[in-house]
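Asker: In the numbering used here, the protein residues as written are 46 to 188.
Built from N, CA and C at the ideal position, the CB exists for glycine as well.
(1) Have a look at 121, 151, 146 and flag the residue whose alpha-carbon is nearest the alpha-carbon of residue 157.
(2) What's the gap between the Cα of residue 169 and the Cα of residue 85?
(3) Roughly how many whole angstroms lie between the Cα atoms of residue 134 and residue 171?
(4) Locate the alpha helix (DSSP H) running through residue 73, then write down its first and last residues.
(5) Taking 7 Å as the limit between beta carbons, can you name the residues of its chain near residue 30, skipping five residues before and five after?
(6) Is DSSP giving residue 165 helix, strand or coil here?
(7) Around the Cβ of residue 80, are there at least 16 other Cβ atoms within 10 angstroms (buried) or fewer (exposed)?
(8) Tell me whether residue 60 is buried or exposed, calling it buried when 16 or more other Cβ atoms sit within 10 Å of its Cβ.
(9) Along the alpha helix (DSSP H) that carries residue 140, what are the first and last residues, could you check?
(10) Hey, residue 152 and residue 184: beta-carbon distance below 8 Å or not?
(11) Have a look at residue 110 and residue 141 and give me their C-alpha separation to the nearest angstrom.
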């Protein structure tokens, strides 16, 4: 037997601190990243309306009443100049052309080397002149 003066002290083991694992959080963030990357490819991010090939190919009829409401094709050159039927348009001439045909569909065909600012400026000028139906046409290679 042990003497009465000797006391037996038992030390309770301290439980280890729980470590917060970051691995599950990183896994969730990676899954969210992949999810948003995949779904973003399905979004239609066309901010400027583009005309379909079939819509742009429609030719206006020869009737004088419908000629004023037909499509007007404006070409935008690489240097930023707008042309209509081979003639260079100034800002005033473009505004007059749009005002003569208020219901006409304005189709803008930019050159591949045209500056984006020139395209936006031309679209703004069409809007200021009263055009309500402005589209950008892009040419695609035939298969």
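Answerer: On the basis of the supplied data:
(1) Against the chain shown, residue 157 aligns to sequence position 112. The candidate whose alpha carbon is nearest that of residue 157 is 121.
(2) As a position in the chain shown, residue 169 is number 124, starting the count at 1. As a position in the chain shown, residue 85 is number 40, starting the count at 1. Residue 169 and residue 85 have their C-alpha atoms roughly 29 Å apart.
(3) Residue 134 sits at position 89 when you count from the first residue of the chain shown. Residue 171 sits at position 126 when you count from the first residue of the chain shown. Rounded to whole angstroms, residue 134 to residue 171 spans 12 Å at the Cα level.
(4) In the chain shown, the residue the question calls residue 73 occupies position 28. First-last of the alpha helix (DSSP H) with residue 73: 68-85.
(5) There is no way to answer for residue 30, as the model of the chain reaches only from 46 to 188.
(6) Counting from 1 along the chain shown, the entry for residue 165 is found at position 120. Look at residue 165 here: in three-state DSSP terms it is helix.
(7) Translated into the one-based positions of the chain shown, residue 80 becomes position 35. Its Cβ having fewer than 16 others within 10 Å, residue 80 is exposed.
(8) Within the chain shown, numbered from 1, the residue matching residue 60 stands at position 15. Exposed, because fewer than 16 other Cβ atoms sit within 10 Å of the Cβ of residue 60.
(9) As a first step, residue 140 must be located in the chain shown, where it is residue number 95. Its alpha helix (DSSP H) spans residues 136-145.
(10) To locate residue 152, count along the chain shown from 1; it is residue 107. To locate residue 184, count along the chain shown from 1; it is residue 139. Contact: no.
(11) Stepping through the chain shown from its first residue, residue 110 is reached at position 65. Stepping through the chain shown from its first residue, residue 141 is reached at position 96. The predicted model places residue 110 with a pLDDT of 40, which falls under 50 and marks its position as unreliable; any figure quoted below should be read in that light. When only Cα atoms are considered, residue 110 and residue 141 end up about 18 Å apart.
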